[in-house]
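A.B. asks: Residues in the sequence shown are numbered consecutively from 1, following the numbering used here.
After the structure tokens below, expect a handful of questions from me.
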Amino acid sequence: MTESTITSKGQTTVPAEIRERLGAVAGTRLVWHLLADGSLIVRAKTRSLRDMAGMLKAPKGKRVSIDDMNPWR
Numbered sequence: 001m002t003e004s005t006i007t008s009k010g011q012t013t014v015p016a017e018i019r020e021r022l023g024a025v026a027g028t029r030l031v032w033h034l035l036a037d038g039s040l041i042v043r044a045k046t047r048s049l050r051d052m053a054g055m056l057k058a059p060k061g062k063r064v065s066i067d068d069m070n071p072w073r
């Protein structure tokens, strides 16, 4: 069993063992589910395509039109 302490600001550190098992890295969002019996389930939130929008940059350099690409087919 792994423990962590909640600070006066309501923060805690997720223990390394738990981060590794979740595959959590800096910026990973966690989803907290409190069950009726007082149990807590914490999961790493999976990213949707919408969350990933804008992550890729457009390539630099000369733009190529569709017509210019046709001879490459």
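Backbone N, C-alpha and C define an ideal beta-carbon position, used for all residues, glycine too.
Looking at the structure shown, is R73 part of a helix, part of a strand, or coil, going by DSSP?
C.D. replies: Coil.
A.B. asks: Helix, strand or coil, according to DSSP, for R19 in the structure here?
C.D. replies: Of the three classes helix, strand and coil, the one that applies to R19 here is helix, per DSSP.
A.B. asks: Starting from R43, trace the beta strand (DSSP E) both ways and give me its first and last residue.
C.D. replies: Segment L40 to A44, the beta strand (DSSP E) holding R43.
A.B. asks: To the nearest angstrom, how far is the alpha carbon of E17 from that of R63?
C.D. replies: So the two alpha carbons sit approximately 47 Å from each other.
A.B. asks: Could you tell me which of G10, V14 and N70 sits nearest to R29, measuring between CA atoms?
C.D. replies: Minimum Cα distance to R29 is reached at V14.
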